[in-house]
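The block underneath contains the structure these notes are about, expressed in structure tokens.
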Amino acid sequence: MRNIYIGIDNGVTGSIGVVSSDGDAIQIKTPVKKEQDYIKSKTRIIKRIDFIALYEFLKQFKDDETVKNITCRLERPMINNRFFHTAISAARSMEATINVLELLQIPYDYIDSKEWQRYMFPKGTKDTKVASNTIGKRFFPTANIHSHEDFDGILIAEYMKRKDNNG
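Laid out in structure tokens, this is it:
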């Protein structure tokens, strides 16, 4: 029996990383769909979480009979009132993701980016996107199946695995 660690870099531009206690690893871009915004005054296309695709991706781990335990951490979104549309998108993404996790009965908690970055990145790292990309490629050279620009989701999952193994 194995443990599964799911790290979710929240948002429509985020990623979902999965690391197992036996060494399997995969990262995908968060599944999204595009549609017209609900605001009448402008014709704007927005991205939303593709609820069904996210459900199907996560369900495979829930249905796997070799899995003993699933742990999930969802990165807390940065909500800034000065960026209204970004804040709305982040909140909408968080809600859709939580709904899928609750529907699948996958236990989850929140994690701040500083917590896992402090553990996974060298001290004094300034450019976290570059660090995420280079460290992620080194740790997981074949796991990033959608060629996402960073490895935040899978590094969150790896952080959880290491914390679990170190107590």
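By my numbering, the letter at position 162 of the sequence shown is numbered 142, and the numbering carries on one by one without gaps.
Where is the CB? At the ideal position from N, CA and C, for every residue including glycine.
- Residue pairing from DSSP places R(-18) in a beta bridge opposite V47.
- Scanning the stretch 79 to 124 from its first residue to its last, the whole beta strand (DSSP E) runs of 3-plus residues come out as 88 to 91.
- Excluding residues up to 5 positions away in sequence, D130, F131, D132 and L135 lie with their Cβ nearer than 7 Å to the Cβ of S112 in the same chain.
- The beta-bridge partner set that DSSP reports for S0 consists of I(-16).
- Comparing C-alpha distances from C52 to each of M58, L38 and I26 shows the shortest one belongs to L38.
- Beta-bridge annotation (DSSP): R53 is paired with G(-13) and D89.
- In the same chain as T105, and ignoring 5 residues on each side of it, the C-beta atoms closer than 6 Å to its own belong to A111, in chain order.
- Remark: C-beta atoms of K42 and I86 approach each other more closely than 8 Å.
- Judged by beta-carbon spacing, P57 lies beyond the 8 Å limit of A33, meaning their Cβ atoms are not closer than that value.
- Within its own chain, the residues whose Cβ lies closer than 6 Å to the Cβ of A76, once the five positions on either side in sequence are excluded, are I29 and F31, listed in chain order.
- In the structure shown, S73 adopts helical secondary structure according to DSSP, grouped into three states.
- Under DSSP, V12 shares a beta bridge with I29.
- Here DSSP, grouped into helix, strand and coil, assigns I6 to strand.
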